[in-house]
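From first to last, the protein sequence lines stand for chains A and B. For the first sequence, position 216 matches number 1226 in my numbering, and the numbering has no gaps at all. For the second sequence, position 143 matches number 153 in my numbering, and the numbering has no gaps at all. The beta-carbon is built from N, C-alpha and C at its ideal position, and this holds for glycine as well.
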Amino acid sequence: MSENKPSIWQRYLSANPVTISFLAILLGFIVGAGVIIFSSADVLHAWSQIFNSPGGILHALKVTFDNVGAAYRAMFTGSVIDPTTFWHALSTGSGWDAALTPLSETLTYAAPLVIISIGVAISFETGLFNIGANGQAILGGIAGTAFGSMIHLPMFLHLPLTLLCGIAAGAFFGLIPGVLKALTGAHEVIVTLMLNYVVAFFLLYSLLSTPLQLPGQANDLSRVILPSAQLPTFFNTATTLRVNWGIVIAIGVVAFGWWFLNRSTMGFDFRVTGANPNAARASGINPKKIIIYVFLISGGLAGLAGVVQVDGTTHSLDGGFLIGSAGIGFTAITVSLLGRNKPINVFWGAILFSALGVGGRIMQAETGIPLDLATIIQSAVVLFVATPVMVQEIFRLREGTVHTIQLNTKGWGS
Amino acid sequence: MTTVTTPVNVIRRDTPVGRTRVIGGIMIAMALFIMWVFAFGASSKATSIITFNPLNTSGGAPWTLGNLTVPSRLSDVVLALIALGTGIETIVRIPAKRVMARFGFVSVLFLLGLFVWTVRSGGPSPTNFIDLTDILVNASGITMVLIYGSMAGIMCERAGVVNIAIEGQFLGGAFVGAIVASATNSFVFATFAGAIVGALLGWVLAFFAIRYRSDQVIVGVVLVTMIGSLTNFLNLTFLTPYQQFNTGVTPNSIPIPLLDKIPIIGPLLFNQNMFFYLMYLLVGAMSFGLFKTKWGLRVRAVGEHPQAAASVGIRVKGVRYFNTILGGAIGGVGGVAFIALHGQFNPGFTSGLGYIALAALIFGRWRPAGAVVASIIFGLTSMLASGLQSFNVPVSSEILGMFPYIITIAVVSGLIGRVRAPAADGIPYKQD
């Protein structure tokens, strides 16, 4: 390291969190491209024929780029903006619905993802690993649906109480691993993972039994949340624009997360515990109390995410609620690792991964490449983010400020 | 009895006093449950039939054993009293050893009481007999997969690498195993293919954990998700259009002459597929290897105190790489064993079995024999969840499905008492 202050350019090329994140995303897409190439019969066939004709290698390259390009193009146009429909709207003044639908979808899916990711980021920042966010969110969704669909109240009471129900259910469910860890030392990873399976069964159970199941329905479908409890959308419900007040709540949660981690006393205790548990204990912070509060807050936010999802977007539950390809809880883990637990970065990470998910659906519809590609890309991104030294070596970056992410919980408890 | 008395404060308890009391309390609660729900839930005239002959006798039937017809209420009362006695004994005497063995005994009594109650004549169940052999044989499949998984975990964790990716190794091994088994119709080839894929995944874990000292739990969880979605992806792009690669072949049972004729034990232990016998070898080899050989001593030294191990010339990273790759291979074979059980590959069909295997190895205190016992308990519980539904038990199948997971939570929450992982488990090794 030189004594001189590095130039801006040198700083960009050092292993700092922003550069590492961008490069990790790039590597993730390269991995995804590799998966597309090796699973596409067309591409493999083209490569097997490169010696049969003089232009074989060019043809093979073209087929490769066409396939990968089509997939990623569908992902982009499906989640951000489709230039043709956008131009059409711009030139004719009509069709703005269709032009804005991709963005609206991305924001709609981002709302719960932002909220749950802030919750996971708070647990990470304290050195705890809440993989149970998925279950907490589902339970929040169940509680919110039950309250929103079966109780009749005026809207100014009904909507906030429905959201509170979700928060309470998620917090309660977060309390289980928190208390077990604080009292018995049970490793939160196993407990929360197992609770996810328990919740999956509970979701089916509640959708197939009397109070919550849609009356007259034999399938796993819930009652519909009453209009007085639904999160209002920004636009007329006749349009395809589903973006709703959930995204505003999400921005509020980001602000809360920033305030909590950076300005509040408890957040300070959390971060001290996360940075060095022994120092925290020595300075009089009760680690058991911290563990329980972390899971309470993290679970509460996950529950809020669940209720925002059902209350703003789907309005009723089905058996696949929030489970999807890998579950919103897993995506939240990747998002908060990508954002390195900084609420504002987490927000942008959530928008990106939400776009990846929304675009992945369009990609599946248009090119037949399964949606799971989005999850593969996400996992790859987070693997690289969690291993900054590797990214640094691949791109030959200078030493920087980034550190390998380490959790506090080592071994398997008491 | 020896005349040498040990001072009280030297007794090394497996389970602390307070926790022993709690476990004793749980045992008494279970006894009372047998009494109130099972014994008095059956009419005094009801009888239950317990049979011992397997329903499926394709591999050759064992010597037949007569059916046992018992009065439902009376036998449940007896079971409850035995359980109550054990529970009270635990609370009063606070034994220093074998608290968990007592708990296991009461759990078995509880299961027996449950069976007697579910199949009582005049009850809701369509059949009023319970086939003990069949239950055990049904549970043996899941148990086998769990044993493979926990061996995979022990192999890595004894060397200080947390292998939370067992689930991913299962899925990877199962995917490749299904393809190779369908294509070649040979489970020997499938086993090798599964082992190679598992080893590859083990290498990835080792690469990130050892070379880059990444957090092993994060890498493990990410690997599971990646393999999960990759197998989903390939299942849709490859197995769905080419169904000849996912035909659902299963290996034949290989009866061991004479031994397979023993009632109950024969069908359970000596008339199974090749993966079962491979498992015996694996458990035996690992118990011996880890605790009786020089290699095992080195592995455990690396897992307990890598710096000390390095100071006597053991190549810490080399040992960790080798064990993690070997553990991954065992996990991959476990996946093939799961395919052998299940037939066709379905995305995500291991449904958390890898994590339960992880809990089993913790329950078994990082010892192969202990993990086997734990796997049997988990296997029985899982079977119970699916098996009880056929008896029209008045509990919904979704609630029963939660059982194995709740028991896993109970186990890792220290129902077992003090567990001590290898001291360097999960801690990246930094060469000075």
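Partner residues in a beta bridge of residue 157 of chain B, as assigned by DSSP, do not exist.
Using beta-carbon distances, residue 93 of chain B does not count as an interface residue toward chain A, since no partner is under 8 Å. Taking CB atoms only, residue 161 of chain B has no neighbour in chain A less than 8 Å away.
Counting the other CB atoms within 10 Å of its CB gives residue 188 of chain B a total of 16 or more, which places it among the buried residues.
For the pair residue 388 of chain B and residue 156 of chain B, the CB atoms are nearer than the 8 Å cut-off. Considering only B/231, B/124 and B/64, the residue with the shortest C-alpha distance to residue 176 of chain B is B/231.
Classified as exposed, residue 402 of chain B has fewer than 16 neighbouring CB atoms from the shown chains inside 10 Å of its CB.
When the Cα atoms are used, residue 1082 of chain A and residue 1398 of chain A turn out to be separated by approximately 25 Å. Take the alpha-carbon of residue 1033 of chain A and the one of residue 351 of chain B: they are about 43 Å apart.
In the pairwise beta carbon analysis, the segment 145 to 161 of chain B is classified as touching the segment 388 to 398 of chain B: at least three pairs are separated by under 8 Å. The Cβ of residue 1245 of chain A sits no closer than 8 Å to any Cβ of chain B. For residue 78 of chain B, the enclosing beta strand (DSSP E) stretches over residues 78 to 81. Residue contact with chain B for residue 1075 of chain A: absent (no Cβ-Cβ distance below 8 Å to any residue of chain B). Per the coordinates, the alpha-carbon of residue 97 of chain B lies some 13 Å from the alpha-carbon of residue 108 of chain B. Residues of chain B with a Cβ closer than 9 Å to the Cβ of residue 1030 of chain A do not exist; the shortest Cβ-Cβ separation is about 13 Å.
Close CB contacts of residue 365 of chain B within its chain, under the 7 Å cut and outside five residues either way in sequence, are with 177 (chain order). Excluding its 5 nearest sequence neighbours in each direction, residue 199 of chain B has C-beta neighbours in its own chain below 6 Å: 190, listed in chain order. Under the three-state reduction of DSSP output, residue 1241 of chain A falls in the coil class, being neither helix nor strand.
For residue 101 of chain B, no Cβ of chain A is located within less than 8 Å of the residue's own Cβ.
Only residues of its own chain outside the window of five on either side were considered, and among them 259 have a CB closer than 7 Å to the CB of residue 195 of chain B, listed in chain order. Residue 1056 of chain A and residue 1064 of chain A have their C-alpha atoms spaced approximately 13 Å apart. For residue 265 of chain B, the three-state secondary structure derived from DSSP is strand. CA-to-CA, the gap between residue 1350 of chain A and residue 1027 of chain A works out to about 8 Å.
Taking a C-beta distance under 8 Å as the contact criterion, residue 1409 of chain A and residue 1025 of chain A qualify as a contact pair.
DSSP places residue 1031 of chain A in the uninterrupted alpha helix (DSSP H) bounded by 1027 to 1049.
With respect to the 8 Å criterion, residue 297 of chain B and residue 379 of chain B are classified as neighbours on the basis of their beta carbons. For the segment 1363 to 1383 of chain A, residues whose beta-carbon sits nearer than 7 Å to a beta-carbon of chain B comprise 1380, 1382 and 1383. Not flagged as an interface residue toward chain A: residue 314 of chain B, since no C-beta distance is shorter than 8 Å.
Contact note: residue 207 of chain B does not reach chain A at a C-beta cutoff of 9 Å; the least C-beta distance is about 15 Å.
Look at residue 1055 of chain A: its C-beta is not under 8 Å from any C-beta on chain B. Shown here is that no member of the segment 1160 to 1176 of chain A has a Cβ falling below 8 Å from a Cβ of chain B.
For residue 1400 of chain A, the chain B residues whose Cβ falls inside 7 Å of its Cβ are 222, in order along the chain.
A distance below 8 Å separates the beta carbons of residue 343 of chain B and residue 205 of chain B. The C-beta separation of residue 314 of chain B from residue 433 of chain B comes to about 5 Å, placing the pair in contact by the 8 Å criterion. Ranked by Cα distance from residue 1044 of chain A, the options A/1379, A/1405 and A/1402 are led by A/1379. In chain order, 1165 and 1168 place their CB closer than 6 Å to the CB of residue 1238 of chain A, counting only its own chain and leaving out the 5 sequence neighbours on each side.
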